[in-house]
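This report concerns only the one structure given below.
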């Protein structure tokens, strides 16, 4: 069954937000690596923990997008 327009937009929004979180985590991991290279291990670890939170949220949004596609989440 095809998605209606609101469902398609919702799925697209979930996918785009997940992608934004993914790229934010990638950027923060790069910053964390530079912090480590300067000896700032505490801040590097804090950023890596933030990345874990972002990656968890990314996974949840990707799951929601899949649920919209499978019509377990729907909009009228």
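Residue numbers (the working numbering): 177 to 252.
Positions of the beta carbon are idealized from the N, C-alpha and C atoms, including for glycine.
This structure is a prediction, so every number in the text was calculated from the model and none was measured.
The Cβ atoms of residue 230 and residue 197 lie closer than 7 Å to each other. At least 7 Å separates the beta-carbon of residue 194 from that of residue 227. Using a Cβ distance threshold of 7 Å, residue 208 and residue 223 count as a contacting pair.
Excluding the 5 residues flanking it on each side, residue 212 has same chain C-beta neighbours closer than 7 Å at 220, in chain order.
Residue 189 holds the alpha-carbon nearest to the alpha-carbon of residue 239 among 215, 225, 252, 189. Excluding the 5 residues flanking it on each side, residue 182 has same chain C-beta neighbours closer than 6 Å at 251, in chain order.
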